[in-house]
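The sequence shown begins at -18 in the working numbering and counts up by one.
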Amino acid sequence: MHTQGNQTRQLHPRGIIQITPIAAACALLLSAAAAQAQSTAPTGESTNVVTVTGIRGSIASSIAIKRDSDSIVEAVTAEDIGKLPDVSIAESISRLAGLTAQRVEGRAQVISIRGLAPDFAGTLMNGRELVSTSDNRGAEYDQYPSELINGVTVYKTPDATLMGQGLSGTVDLQTVRPLDRRGRTIAIGLRGERNSNGALNDGSKAGGKRMSFSYIDQFFNNTLGVAVGFAHLDSPGQQREYKSWWWGGENNGLPADVIALKGAEVTASSRQQRRDGLMAVIDFKPGKNYRTALDLYYSEFDQETTMRGMMWNSHQWSAVRYNNPVIDTIGGTKLLTAGAIVNLEPIVRNDFNTRKDKIGALGWNNRLKVGGWALDGDLSYSSAKRREQVLETYAGLGPANAGLTDNDFKFKIPTGAGLPTFTPSVDFANPGKIKLTDVGGWGKDGDMHRPVVEDTLGAFKLSARHDLGGFFRSVETGISQSRREKTHVDVNNYYFLKNNRAPATVSSDLLVPTTSLSFAGLPGTLSYDTLAVLDKYYDQQPARPDNDALNNWSVTEKQTTAFGKLSIDTDLGQVPLRGNLGLQVIRMQQDSDGIALSGNTTKPISGGDAYTDVLPSANLIFDLNHYLGGTTARFGVAKTLARPRMADMRAGATGGVDATTKMWNGSGGNPGLQPWRANAFDLSLEHYFGKSGYIAGALFYKKLKSYIYNQQTAFDFTGFPNPSSVVPLSNTGTMNRPANGEGGMVRGAELSGSFEASRLWSALEGFGVLASISATESSIHPNGPGTKEKLPGLSGVVSNVTAFYEKNGFSARVSRRYRSAYRGEVTGLFAQRAFSEILAENQVDFQLGYSFDTGPLKGAALLLQVNNVRNAPYQTMQGDPFTGGSYAPERYTTYGRQVLLGLNYKL
């Protein structure tokens, strides 16, 4: 086990070997670019237009967006109606240069841009800011069906006319505009899927299905366009997991210098995920001077999770001791790797969690040309709601410290890769021995949290653009106002067994087939219908009142933004120059309500702040075609910001007067938090050849003026409840809470490209490669000066490579996504925010298809997709190393490979 920790320190050389395909692909792109440089046609020459669809068409249109934008961007577009290149929008986005995804419950869910966590990115839909179902701002992209998204543009440098931009970048999800197409299109998609882990828990499924429907048409001589899309997902999730709790010394009966595992858990989880998404657009253009569009997006995402397994405490405060201990020296540390535990009190878990999410977005855009001016008016409203239930129940041999233990619980922890093996001497699936009871001594027999998050955002935007002559092509100015409110409430209840908490035997009618944990050596555990058992054997009562102060809050933001942009179009000698100069002036008023808690006394509390930010930006694009055909140099400089986490802005706090010092102290949120602010510099050199070929290199540097981390700050406790008899010396005390502190820099380099092999040899027509690699580093200490934790979300190396073939109806694609080890934000105990050191990930996906382009089946296409081909594990390590510098492994989780087989049909 400890050797695995040492292997963690060797990830860097292994990472170099792993990214060799990327280096090879980039070398191929470089050589191809050089070979094509002389033959590249100047951009002004006319060429024959050939319409290409499918993978190659998607690549060509994505490259065109990147080439023509006035900002530094990355883009991905649908291969056809309802056909983004991947099974999820997050998978597609994470393949773009400088971006990467974090897997949550086996799905790519949140996105990091250029080494910064999702907190720092903005997410839009059709240019409008979106709300989220989390207790923060970061979008969870699995909420958005890929079948309903027509394309995605990621802005790495700001555009002054976009609201809701982030510090690291901005992701704009785009739905189709029906008047931008010609002719009626009807597309239907059907796919079945299966998880290779099988059905791990009784009542769960290994198989699922996906269905989608899209309709686009134009009426009244192409003046009215209508688009409707619907997507249904019914997908299984099957998860096998081992997790260590912690490692340490002071182990009963072992030498003082031996490190042992202090607790662990082995679980099998089954999820059923159901999502329905709807998209609708009405697009009306009665004449060349006026266009109006109304677009709607709505989704419901329901998830049920059954988790069964076993966990145990083996710390020094328990009565455990060891027989036949095997001690290995790994990296200078003596580690207990095998033996048998005596006096162990394993806890059998049967948990049932639910989550119901609803997201809606409505926008109305109007564009009018009058008197040389282009006027734009936009109204939008976005809402999100999440309801969760997090339920856990406990069972075992008997109540804590009752002397009912497993006295020969064998274990073997590998010193290399792989899972440990545990062998109990008791049958923990036997309903005659295993009873409902508080085995852990936690003062409760069950626990349920019911967090609810609601988020709403209403906005309007007015702008006017006028064409100019000379150095500046046009001028655009406008104003935007928005109001956003997020609330978070958590109701926590304890459950106690009836009959004065007497241990209870589960009746046979509530038992279900045993869940196997054989992947870690455990035959299985007692399994039962959790909700039915809860109803029959338990009474409910409210939990601790301090949860109110921690978890019940609301934050309101009122923002007014004045903006302007001058677009540049001129010549500097033989170098055409385009781009823009932009400015945003943002006035923010933020307020928060929460609960102040002292002892068992509560009182409403509120706070807030107001501030103004001035954000200039410049994007300059130099056309170097005169010197090297198809080559462009870009430079961007800007002031950027990202608003604080909304949970950190809560007004709620706990506090009290110290009886010794007679001074106030407490902990809580900070409604006066100001944004992360940064100065950003970007440089990019891009060479394009043909419609589907390019190579680009980029450098970026972001200087964060401050970072937010917990600090002891002065706080006025006037009005704070004080139920004690201690009279404070002053109402000014200290509060441990998030505050703006010392910042630092984030910098990096990116290399990306696309190449079709037919440019080297015509016999290779249809073959091609997409590749990117980025390296990022940071000087930021996210927990304050002197701390050693890494910046959340930052992987030193991120790479992607996709090899594809498409010709004569056949298509194939193999993709590999790699990110080096990083510190990731995860959901911890009772859905609270936590961090883990996540090891390097290397995931391979595969796709094979055939499209019928002629004959009676014209319009039909068959598709086979395999995600996570190698069933790559999700692994984490504990945050603090041992004395020798090596790390202890923490978590080993597999989600299975996902196999999908489907049919698409387009009329």
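Idealized CB from N, CA, C, for every residue including glycine.
Bear in mind the structure is a predicted one, so any value in this text is a computation, not a measurement.
Buried versus exposed, by CB contacts within 10 Å (16 or more), residue i
| i | result |
| --- | --- |
| Asp826 | buried |
| Trp645 | buried |
| Asn176 | buried |
| Leu888 | exposed |
| Leu884 | exposed |
| Gly587 | At residue 587 the sequence reads Ser, which differs from the Gly that was named. When all chains shown are included, Ser587 counts as exposed. |
| Pro236 | exposed |
| Ile460 | exposed |
| Ser20 | Only weak support is given to the placement of Ser20: the predicted model assigns it a pLDDT of 41, under 50, and the question is left unresolved by the model. |
| Ser581 | Per the sequence presented here, residue 581 reads as Asn, with Ser not at that position. So Asn581 ends up on the exposed side. |
| Asp490 | exposed |
N-terminal and C-terminal residue of the beta strand (DSSP E) that residue i is part of
| i | result |
| --- | --- |
| Arg221 | 205 to 225 |
| Ala485 | Per DSSP, Ala485 belongs to no beta strand (DSSP E) and is neither H nor E. |
| Val408 | The question names Val, but residue 408 in the sequence shown is Asp. Note, Asp408: premise wrong, no beta strand (DSSP E); not H, not E. |
| Leu512 | Leu512 -> not in any beta strand (DSSP E); alpha helix (DSSP H) instead, spanning 511 to 518. |
| Ala41 | It is not in any beta strand (DSSP E) - Ala41 instead sits in the alpha helix (DSSP H) that spans 35 to 49. |
| Ala841 | 841 to 848 |
| Glu538 | 534 to 553 |
| Arg631 | Where Arg631 is concerned, there is no enclosing beta strand (DSSP E), given that its DSSP letter is neither H nor E. |
| Met716 | 713 to 737 |
| Thr248 | 244 to 268 |
| Ile394 | Taken as a continuous stretch (DSSP letters only), Ile394 belongs to no beta strand (DSSP E), as it is neither H nor E. |
| Ala319 | 314 to 323 |
| Phe670 | 657 to 670 |
| Arg465 | 453 to 478 |
Beta carbon of residue i nearer than 7 angstroms to that of residue j
| i | j | result |
| --- | --- | --- |
| Asp153 | Thr134 | yes |
| Arg892 | Phe785 | Because the chain here runs from -18 to 888, residue 892 falls outside it and cannot be looked at. |
| Gln521 | Asn473 | no |
| Asn712 | Gln693 | no |
| Asn388 | Ser579 | no |
| Val329 | Leu181 | no |
| Ser193 | Gly170 | yes |
| Tyr592 | Met627 | no |
| Thr783 | Leu751 | yes |
| Gly147 | Gly103 | yes |
| Ala623 | Pro597 | no |
| Gly749 | Glu737 | yes |
| Gly649 | Ala659 | no |
Cα-Cα separation, residue i to residue j
| i | j | result |
| --- | --- | --- |
| Asn131 | Gln155 | 6 angstroms |
| Ile263 | Leu129 | 15 angstroms |
| Leu680 | Asn304 | 58 angstroms |
| Ser497 | Arg367 | 32 angstroms |
| Gly119 | Ser665 | 27 angstroms |
| Asn270 | Leu349 | 6 angstroms |
| Asn848 | Val880 | 7 angstroms |
| Ile761 | Arg728 | 11 angstroms |
| Asp574 | Leu438 | 18 angstroms |
| Leu77 | Leu710 | 58 angstroms |
| Arg872 | Gly108 | 39 angstroms |
| Ile340 | Tyr125 | 9 angstroms |
| Asp116 | Met630 | 11 angstroms |
| Ile576 | Phe333 | 29 angstroms |
| Ser27 | Asp123 | Caution applies to Ser27, whose pLDDT of 37 falls short of 50 and renders its modelled position unreliable; the model cannot decide the point. |
| Ser280 | Pro401 | 41 angstroms |
| Gly725 | Pro773 | 14 angstroms |
| Phe696 | Ile94 | 35 angstroms |
| Leu882 | Gly173 | 5 angstroms |
| Ser801 | Ser251 | 28 angstroms |
| Gly189 | Arg878 | 13 angstroms |
| Glu222 | Leu503 | 12 angstroms |
| Phe500 | Thr875 | 11 angstroms |
is_contact[residue i, chain E] using C-beta, thresh 7 angstroms
| i | result |
| --- | --- |
| Ala632 | Of the chains in the structure shown, none is chain E; there is only one protein chain. |
CB-CB length for residue i against residue j, believed under 8 angstroms
| i | j | result |
| --- | --- | --- |
| Gly777 | Ala744 | Gly777 to Ala744, Cβ: 39 angstroms. No contact. |
| Leu378 | Tyr518 | Contact doesn't hold; Cβ gap of about 17 angstroms is too wide. |
| Thr386 | Glu326 | 6 angstroms |
| Pro719 | Tyr690 | 7 angstroms |
First and last residue of the uninterrupted alpha helix (DSSP H) at residue i
| i | result |
| --- | --- |
| Ala71 | 70 to 75 |
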